Structure formats: C-alpha cells, structure tokens
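Here is the structure we will look at, set down as structure tokens.
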Amino acid sequence: MGTLDEGARNAVEVCMGVKPGEHVLIVTDKLQYEVGNAIRRAALGITQHVRLFVLEHYGERPMTALPEEIEKAVPWANVTFWAAESKKGELPMRRSFRLLATKYARHAHMPGVTRLLMEQGMCSDYRRISAFTNRLEKILKDVKELRITNPAGTDLVIELNPEWRWKPSDGIYHEKGQWGNLPEGEIFTAPFRAEGHLVTDELGDWFSKKYGILTKPEAEKDTPVHIDIVDSRANIKSIECELDELKADLKDYLQTDENSNRAGEIALPTNLELIEMPLVGILLQDEKARVHLAFGNPYPKETRADWVSKTHIDCIIKRATVLIDGKKIIEEDKYLIDIE
C-alpha cells in the first residue's frame, strides 16, 4: 500500500497532528528500531524536540517495570509513541506507560508494530476511517443486543449496558489525553453480558507473535480455538484447540486474575482498506480488519465499565456476521450499511 516513511509521516502528521515546537517522545526496541527511527525522522521534519528511547538500553526483556529514565521523561512530551515488539509479561509495563503518557500528552500505542504494518495499515486514509467510525458510532449508540455468528461455529449473544459507551478509535488523536492503537480503525465497547460459543482464528497480546493465524489456506490443517462463554466468562475447562501448547498457554492466561476470563471488549473494524485485505497474523493490524471479542480488561476509562483486569486478549473472528437488535449490518466481514 505504501512505504515505511509514508506510514511514519501519516502517523506523525495525520494521526497525531504533531505541530512545530511540540515535544515528541518515542519508545522502541532493537527489533523494531527501523520503525521507531522512521517515526523519529518524520517528527524531526516538523519539530526539533524529539527523543527516542530503545528499551534494551535500560535492561533485559521482558521488562516488568518501566525504566526510570523513560518514566521521568514522559512529562516533557506533548506526543508519545510506543513502537516495540510485544513480549510475554510486558502488558502491565505497557499499560503503565500508556496511563502515564495520557496524563501529559496524546499517545500512539503500537505494540507489535512491524515494517509491514507501517506499509499497510499505517498508509490507510485516516480521514476516511474517522468519518466512517463516527458514522458507525451513531448507529450503535442505542443498540441493546448484538448477535455474532460465523461459518466455523461462532454464535454469540451480547447484551449491552446503556450506561457504558462505544469508544470510536478512528486514528485521529489531536488532544491531550487521547490515545489509540496504530494502525487504527475500530469501535468498541464492553459487553454487559455475553453468552454462546466463540471460534477464534487469531489471539492477541503475545499469542499473536507466537502462534499467528490459526486458520490459513496454505496450512495442512486449521487449528482454531473453541471457547464456550457462560455468564460472560470463558469456560476454561471447555477450551478446545488441536495445538496443545496453545491451549495450555491460553488456559493459564485466562486465570491470571479474577477477571482475566471475563468478556471485556466487543469491537467492530472500521479500517475500510484493511477489511478488503487478508489477515497478516499481527493482532495490532488484524483487529482493525475483523470483528473481535476480548477477555480481560474492559478499558473502563473509555467504556465506563465498572471492573478491571491485569490482562487483555483479543480473539479475531473471521467471516463474521453481525446483527444489532435483529438488523444485519455485517455479513461475512462485509458491511451492509453505507460506508461513505
């Protein structure tokens, strides 16, 4: 779709709206240094106040706590970027950085970003994405129930709380305190109640890097994960997957804390260009291209949900059909409503 530098300029200029004289802080790592450095170059085209931190310069990975030098630098910034590989066990550190960053700045969260994502999802038309996302928010605002199905066997009924809100993530973050996952393009809320059966083709957090897409056309066999959801909780004993290691990893993850297995997010994709493309096996982009449900933290600040968790794992649903209060708006990943 584009180039690394085009994606970086889109992130800096369009998504984050960096202005002359502003302070830009970038956290990256050795693996994705070319991405962090491309963002640095794009920012230097606008302002001379740019600082780049490489995580490995401050200790071994995975890290359980944010390095002190980075923590002390955050209040200096107007705009922050986190552009680094996702490592098992680092979610609490990333969350602490995000919460600190949004106290002082606007934040672009890019865990798991790669050059490919910069060339694809970050080269999308974010003004178009923003217009569609905000149009979809108006459609979803008063919806009471979603039903999600797919040919693989997903059949979920999700009840919504009118006091909780849909959060549009349109990729345009120009005000202090705003943040989003780039590449962007989704709208999400927290389920009030979820019941049914989920078949997922890709998992989030560090599972995405380790296991990739679980249902590939070129694979010898599909290895999706089947999860029964009862009273909004993943029934851990019922989880099925032909990859024994994945099944064991997921069961452990969903028992991290008392709410790790609770349905914490339901999201619809709004990156219109990515919806037309195959999945790439990296959650940061794929969640902007397909319907997904997550277990764990419901982002209470954004959704107004009244509970928390230390963990958050997204579950991508391919070929999803979505009904809102009985009206079909998505059929096998394609929107049936006006997108322009």
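Positions in the sequence shown are counted from 1; adding 360 to them yields this note's numbering. No residue lacks a Cβ here, since even glycine has one placed at the ideal position from N, Cα and C. What you are looking at is a predicted structure, and each value in this text was computed from that prediction instead of being measured.
Tell me the DSSP secondary structure of ASN657 in three-state form.
coil
Identify which residue in GLY362, LEU628, MET637, ILE673 has its Cα closest to the Cα of ARG507.
LEU628
Once DSSP output is grouped into helix, strand and coil, what is the label at ASN595?
coil
Assuming SER456 is part of the alpha helix (DSSP H), what are its boundary residues?
451-464
GLY362 to LEU385 span [Cα, whole Å]:
24 Å
How many angstroms separate the CA atom of VAL682 from the CA atom of GLU636?
17 Å
Every unbroken beta strand (DSSP E) within the region 390-429, with a cutoff of 3 residues, ordered by chain:
410-414
I need the straight-line Cα distance from MET423 to ASP591, nearest angstrom please.
34 Å
Contact check, GLY624 vs PHE655 under 8 Å by CB: the rounded distance?
6 Å
If you check the beta carbons only, do TYR393 and VAL434 fall under 8 Å apart?
no
Around the Cβ of SER490, are there at least 16 other Cβ atoms within 10 angstroms (buried) or fewer (exposed)?
buried
Let me check understanding here. Comparing Cα to Cα, which of ILE518, GLU519, GLY545 lies closest to SER529?
GLY545
Work out the CA separation of GLN408 and ASP565 for me, nearest whole Å.
34 Å
Can you tell me where the beta strand (DSSP E) holding ASN631 begins and where it ends?
Here ASN631 belongs to no beta strand (DSSP E), and DSSP marks it neither H nor E.
GLY556 - containing beta strand (DSSP E), residue span
553-560
With distances taken Cα to Cα, identify the nearest neighbour of ALA444 among ALA468, ASN438, GLY572.
ALA468
Candidates ARG593, ILE684, GLN645, TYR695, of which the one nearest SER669 by Cα
ARG593
GLY472 versus ASN631: straight-line alpha-carbon distance, rounded
18 Å
State the start and end residues of the unbroken beta strand (DSSP E) segment that holds GLU519.
515-519
Among all the DSSP beta bridges, which residues are the ones paired with GLU546?
SER529, PRO629
Quick one: what's LEU606 bridged to in DSSP?
Answer is none; LEU606 lacks a bridge partner.
Have a look at LYS611 and LYS379 and give me their C-alpha separation to the nearest angstrom.
46 Å
For ALA461 and GLU580, I'd like the C-alpha separation in whole angstroms.
44 Å
Among the residues of its own chain, which have a CB less than 6 Å from the CB of GLU366, if the five just before and after it don't count?
CYS483
Quick check on ARG475: does DSSP put it in helix, strand or coil?
helix
As a quick exercise: from ILE406, VAL372, HIS417, GLU382, pick the residue whose alpha carbon is nearest that of VAL702.
It is not possible to answer for residue 702, since the shown part of the chain is limited to 361 through 700.
Out of LYS597, LEU404, ILE642, TYR695, state which residue places its alpha-carbon closest to the alpha-carbon of LEU477.
ILE642
Residues that LEU696 bridges to, as DSSP identifies them
Its beta-bridge partners do not exist; DSSP assigns none.
ARG622 bridges to which residues according to DSSP?
ARG593
Could you have a look at ASN438 and say whether DSSP puts it in helix, strand or coil?
coil
Within a Cβ cutoff of 6 Å, which residues of the same chain sit near LEU500, ignoring the five residues on either side of it in sequence?
TRP526
Could you tell me if GLN480 is buried or exposed, where buried requires 16 or more neighbouring beta carbons within 10 angstroms of its beta carbon?
buried
State the CB to CB distance for the pair ASP588 and SER598, rounded to an integer number of angstroms; the pair is presumed to be in contact (CB under 8 Å).
4 Å
Excluding the 5 residues flanking LYS569 on each side, which residues of the same chain have their C-beta closer than 8 Å to its C-beta?
GLU445, SER446, GLY472, ILE642
Alpha carbon to alpha carbon, how far is SER456 from ARG448? Give it in angstroms, no decimals.
Note that residue 448 is Lys in the sequence shown here, rather than Arg. So the two alpha carbons sit approximately 16 Å from each other.
Output the boundary residues of the alpha helix (DSSP H) element that contains GLU366.
364-369
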